[in-house]
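So for the sequence shown, this note's numbering puts the first residue at -9; every next one is plus one.
Backbone N, C-alpha and C fix where the C-beta goes; we use that ideal spot for every residue, glycine too.
The structure presented is a predicted model; accordingly, all values stated were derived computationally and were not measured.
First comes the structure, then the notes that go with it.
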Amino acid sequence: MLEPAKTDFCAVSVPTGRAKMKRGSFILLVLLLALVASSCSGPKEEVKMAPATQLPVSLQDAPVEVQEAYRFAIANKELLLAIPCFCGCNGIGHASNYDCYVAEDGGPGQVTEYDNHAVF
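Laid out in structure tokens, this is it:
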């Protein structure tokens, strides 16, 4: 009598030990590469900055970071007006973050008097 041929249809190779680590490392590497590739592909937006020549003489000796903060504030008035003052200077009349930089506004992109509060 003939016996039926035995076949193993359920044989599955399950990675163990080192093979499992290699597989996990490979998947992690692929995910990291995909993340890096996707973050580099988008259009870059330039930050609006007022020219350094617009700063008063009193700020030209300030640290570069302070000068950049003032230049950003001048060029991005609408944004800073929407951010409340968070340093506690609302007691001196500051209603927004813009007030920490500008004491008197002379119109779009024009400042007639700077507030020195943001220097400190």
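Closest option to P98, judged by alpha-carbon separation, among I73, L45, V20, E68: E68. L49 and V26 have their alpha carbons spaced roughly 39 Å apart. Taking C-alpha positions only, D89 is separated from F62 by approximately 13 Å. Runs of the alpha helix (DSSP H) lying entirely within the stretch 13 to 68, each at least 4 residues long, are 47 to 50, 54 to 65 in chain order. Note: D95 is bridge-paired with V101 in the DSSP secondary-structure output. By the beta-carbon neighbour count (other beta carbons within 10 angstroms, threshold 16), L18 is exposed. For the pair C77 and P46, the Cα-to-Cα distance works out to about 23 Å.
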